[in-house]
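Peer 1:
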Amino acid sequence: MLTNTASPSQFPRASRVGAVVRALVPATAAAALLLGAATPAAAGNPCTSEWIKFKSFFDKNGPKIAKGVCQFFNKDDAAAAQKCVEDYEKAKAQVDATIHKYNGMAGDSQWKVGPRGLGEGQWASGTLLYERTFAGPPVMSDTYRLDLERTGGKATKAMRGTVCFLDDRGQVQGATASFTIDRSKTRYGNTFSGVAGLTPVILLEKPPGTNGHQYRIKGQSGGEPQIVKDARQVQGGGGCQNPCPHGGNFDGANCYIGTPPSGTKAFIYGGNYYYTPVGANTCPKGGSRFDGANCFVQPVAKGTKPFIYANNWYYQNVCK
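All residue numbers for the sequence shown refer to this note's numbering, where the first residue is 3 and numbers rise by one.
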């Protein structure tokens, strides 16, 4: 069951916002890895109201992923365990491809208008003048972390946010979380559990006006779902269960660390992950810093085999 530490939504929306739930069905019906049943949220939740713009976004950008079916498997059946793992890895690889796409477009001007895809592990920034929707790909983990920070702006009225998670039918599962951001309360962070296979949707709004809130937002899935870990143990007779023990996301073959900002080049030097700066010395990726020549991201974990592929940082799956 989806749990969170925030209260149910206090901000019902008018009918201008539309069938987000029904709209998601054609584009994300195959996306969910349903690992447990949850109770749909009550009617009137803002994520269930009609929003044609959101439908158009998902029809165009929603991940077309074969539905994961690993809800349960007989732990004495190695073949069932293998199928559970294979289904998960197939879905995970396609979700990671979507994350790479969204991260690569985080600073693209084409994403300034309309709903935006939210990647993982990388800040996306914007200015809220009225309303904005973010949606990530299905969560390939039991947990999902969301962080939002107000970074500036002249708005005097609060930014209101609602977080919900949609299943493969496009229906809200569990209670929604709501929060308020203003000049005195500039940060929101929450880790949601019981969300494997669900699509995170974040709705931001404020009273319309020319003054906005500048902000940045980041989502991040946790590690593999417990049921997949159990399946790996059965499949391998208790062998290697975690292909990426030093962080990063397993893409079905190796461990994805991240993508550099658009227009820059990822590389590895001196046991560290780097990328080339923007201009003379600007390092826009969250957590990176200029070292006098290039943008330092993080050290390569000891004992791993790092490499660059398609301008992304990786290290080799340790279970190979």
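Just so you know, even glycine gets a beta-carbon here, dropped at the ideal spot from N, CA and C. Note that the structure is a prediction, hence the values are computed from the model and not measured.
So, with DSSP's three-state summary, where would you put Q388?
Peer 2: A question about residue 388 goes unanswered here, because the residues of the chain that appear run from 3 up to 322.
Peer 1: Which residues share a DSSP beta bridge with D149?
Peer 2: Numbered from 1 along the sequence shown, position 147 holds the residue referred to as residue 149. The partner list for D149 (beta bridge, DSSP) reads G191 and K220.
Peer 1: So what's P28 in DSSP terms, helix, strand or just coil?
Peer 2: Counted from its first residue, the sequence shown places residue 28 at position 26. Residue confidence for P28 is low, a pLDDT of 30 falling below 50, so the modelled location carries little weight and cannot support an answer.
Peer 1: Going by C-alpha distance, which of T188, S195, L205 and R218 is nearest K287?
Peer 2: For this step, residue 287 is matched to residue 285 along the sequence shown. Checking every option, the nearest Cα to that of K287 belongs to R218.
Peer 1: Tell me whether Y104 is buried or exposed, calling it buried when 16 or more other Cβ atoms sit within 10 Å of its Cβ.
Peer 2: Sequence index remark: in the sequence shown, residue 104 carries index 102 (1-based). Its Cβ being crowded by 16 or more others within 10 Å, Y104 is buried.
Peer 1: Since L120 and G221 should fall inside the 8 angstroms C-beta cutoff, what is the C-beta to C-beta distance between them, to a whole number of angstroms?
Peer 2: For the purposes of this step, residue 120 is taken as the residue at position 118 of the sequence shown. For the purposes of this step, residue 221 is taken as the residue at position 219 of the sequence shown. About 5 angstroms separates the beta carbons of L120 and G221, which is inside the 8 angstroms limit, making them a contact pair.
Peer 1: Tell me, which residues are paired with L130 by DSSP?
Peer 2: By 1-based counting over the sequence shown, the position of residue 130 is 128. L130 pairs with H215.
Peer 1: At 4 residues or longer, what runs of the alpha helix (DSSP H) sit wholly inside the stretch 218-288?
Peer 2: Entirely contained in the stretch 218-288, the alpha helix (DSSP H) runs reaching 4 residues are, in chain order, 228-237.
Peer 1: K94 to G225, Cα distance in whole Å?
Peer 2: Stepping through the sequence shown from its first residue, residue 94 is reached at position 92. Stepping through the sequence shown from its first residue, residue 225 is reached at position 223. Linking K94 to G225 through their CA atoms gives a straight-line distance of about 11 angstroms.
Peer 1: Counting Cβ pairs closer than 8 angstroms, one from the stretch 140-159 and one from the stretch 190-208, do we hit at least three?
Peer 2: yes
Peer 1: Could you spell out where the alpha helix (DSSP H) holding E88 opens and where it closes?
Peer 2: Taking the sequence shown and counting its residues from 1, one reaches residue 88 at position 86. Unbroken alpha helix (DSSP H) run through E88: A80 to G106.
Peer 1: Apart from the five residues on each side of it in sequence, which residues of its chain come closer than 6 angstroms, Cβ to Cβ, to Q300?
Peer 2: Stepping through the sequence shown from its first residue, residue 300 is reached at position 298. Once the five neighbours on either side are set aside, the close Cβ partners of Q300 are Y275.
Peer 1: Determine the direct distance from the alpha carbon of T212 to that of T266, and round the result to whole angstroms.
Peer 2: Position 264 of the sequence shown, counting from 1, holds the residue named residue 266. Position 210 of the sequence shown, counting from 1, holds the residue named residue 212. Those two C-alpha atoms are separated by around 33 angstroms.
Peer 1: So, helix, strand or coil for G138, using DSSP?
Peer 2: Counting from 1 along the sequence shown, the entry for residue 138 is found at position 136. Note: G138 maps to coil in three-state DSSP.
Peer 1: For A29, count neighbouring C-beta atoms within 10 Å of its own C-beta (all shown protein chains included) and say buried if the count is 16 or more, exposed if not.
Peer 2: Along the sequence shown, one-based indexing puts residue 29 at 27. Bear in mind that the predicted position of A29 carries a pLDDT of just 33, short of 50, making it unreliable; the figure below should be weighed with that in mind. By the C-beta density criterion, A29 is buried, having at least 16 other C-beta atoms within 10 angstroms.
Peer 1: Starting from L205 and walking both ways along the beta strand (DSSP E), at which residues does that stretch end?
Peer 2: The residue given as residue 205 occupies position 203 in the sequence shown. T201 to E207 is the extent of the beta strand (DSSP E) around L205.
Peer 1: Once you ignore the five residues that flank V2 on each side, which residues in its own chain have a CB closer than 6 angstroms to its CB?
Peer 2: In the structure as shown, the chain begins at 3 and stops at 322. Residue 2 is therefore absent and cannot be evaluated.
Peer 1: For the candidate residues P279, T178, G273 and P262, whose alpha-carbon lies nearest to that of A312?
Peer 2: For the purposes of this step, residue 312 is identified with residue 310 of the sequence shown, where counting begins at 1. Of the listed residues, the one whose Cα sits closest to A312 is P262.
Peer 1: Leaving aside the five residues before and after I270 along the sequence, list all residues of the same chain whose C-beta is less than 6 angstroms from its C-beta, in chain order.
Peer 2: Position 268 of the sequence shown, counting from 1, holds the residue named residue 270. Within the same chain, I270 has close Cβ partners P308.
Peer 1: Pick out whichever of K92, A295, T158 and E88 has its Cα sitting closest to the Cα of P209.
Peer 2: By one-based count along the sequence shown, residue 209 stands at place 207. Answer by Cα proximity: T158.
Peer 1: Do T100 and L205 have their C-beta atoms within less than 8 angstroms of each other?
Peer 2: As a working mapping, residue 100 is identified with position 98 in the sequence shown. As a working mapping, residue 205 is identified with position 203 in the sequence shown. Cβ distance not < 8 angstroms, so T100 and L205 don't count as in contact.
Peer 1: Along the chain, where does the beta strand (DSSP E) that runs through T164 open and close?
Peer 2: On the sequence shown, residue 164 is found 162 positions in, with the first residue counted as 1. Segment M161 to L168, the beta strand (DSSP E) holding T164.
Peer 1: Hey, Y277 and C297 are a contact pair by Cβ (cut 8 angstroms); roughly how many whole angstroms apart?
Peer 2: Looking up residue 277 in the sequence shown gives position 275. Looking up residue 297 in the sequence shown gives position 295. Confirmed, about 5 angstroms.
Peer 1: Between S264 and G281, what straight-line distance do the alpha-carbon atoms span, to the nearest angstrom?
Peer 2: Taking the first residue of the sequence shown as position 1, residue 264 is located at position 262. Taking the first residue of the sequence shown as position 1, residue 281 is located at position 279. In a straight line, the C-alpha of S264 is about 12 angstroms away from that of G281.
Peer 1: Please confirm whether G260 and N314 have their CB atoms less than 8 angstroms apart.
Peer 2: The residue you call residue 260 lines up with position 258 of the sequence shown. The residue you call residue 314 lines up with position 312 of the sequence shown. Contact: yes.
Peer 1: Which partner residues of N296 appear in the DSSP bridge assignment?
Peer 2: Residue 296 sits at position 294 when you count from the first residue of the sequence shown. In the DSSP assignment, no residue is bridged to N296.
Peer 1: Tell me whether the beta-carbon of V203 lies closer than 8 angstroms to the beta-carbon of A137.
Peer 2: The residue you call residue 203 lines up with position 201 of the sequence shown. The residue you call residue 137 lines up with position 135 of the sequence shown. In this structure, the beta-carbon distance from V203 to A137 falls below 8 angstroms.
Peer 1: For the beta strand (DSSP E) containing P308, name the first residue and the last one.
Peer 2: Numbered from its first residue, the sequence shown carries residue 308 at position 306. Segment P308 to Y311, the beta strand (DSSP E) holding P308.
Peer 1: Sort A160, V165, Q96 and G250 by Cα distance to A303 and report the nearest one.
Peer 2: Here residue 303 corresponds to residue number 301 of the sequence shown, with the count starting at 1. The candidate whose alpha carbon is nearest that of A303 is G250.
Peer 1: Are R152 and T188 close, meaning C-beta to C-beta below 8 angstroms?
Peer 2: Sequence index remark: in the sequence shown, residue 152 carries index 150 (1-based). Sequence index remark: in the sequence shown, residue 188 carries index 186 (1-based). Between R152 and T188, the CB-CB gap stays under 8 angstroms.
Peer 1: Confirm, please, whether the CB-CB distance from V97 to R234 is below 8 angstroms.
Peer 2: Translated into positions along the sequence shown, residue 234 becomes position 232. Translated into positions along the sequence shown, residue 97 becomes position 95. No, they are not a contact pair.
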